[in-house]
Amino acid sequence: MAYGAHRSPLLPPHPDLSLARDCELCLGWGTVVTRDGEHELCHACQPGPDDEDVTSRS
Ligand SMILES: [Zn+2]
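In this note's numbering, the protein residues as written are 6 to 63.
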């Protein structure tokens, strides 16, 4: 069975807090909570989840 790149929406993303520090949208958290109650990266200050690659494991 292949264990491919697996996105886990249950885990909150890890934002770059240094980028989020001055952000008024997320108030420095780097993440925002959607209407569904899910955390996602603040699109105003964070590069975006699609730019992020899992580099620690293969
Ligand atoms: Zn932000």
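From the three backbone atoms N, C-alpha and C, an ideal C-beta is built for every residue, glycine too.
Looking at the secondary structure, which residues open and close the beta strand (DSSP E) in which residue i lies?
| i | result |
| --- | --- |
| L24 | Run containing L24: none in the beta strand (DSSP E); it sits in the alpha helix (DSSP H), L22 to A25. |
| L46 | H44 to L46 |
List the DSSP bridge partners of residue i.
| i | result |
| --- | --- |
| T36 | L46 |
Checklist entry - Can you list, in chain order, every residue whose CB sits closer than 5 Å to a heavy atom of ligand 1? => result Summarising the contact set, residues whose Cβ lies nearer than 5 Å to any heavy atom of ligand 1 are, in chain order, A25, C28, L30, C31, C47, A49 and C50.
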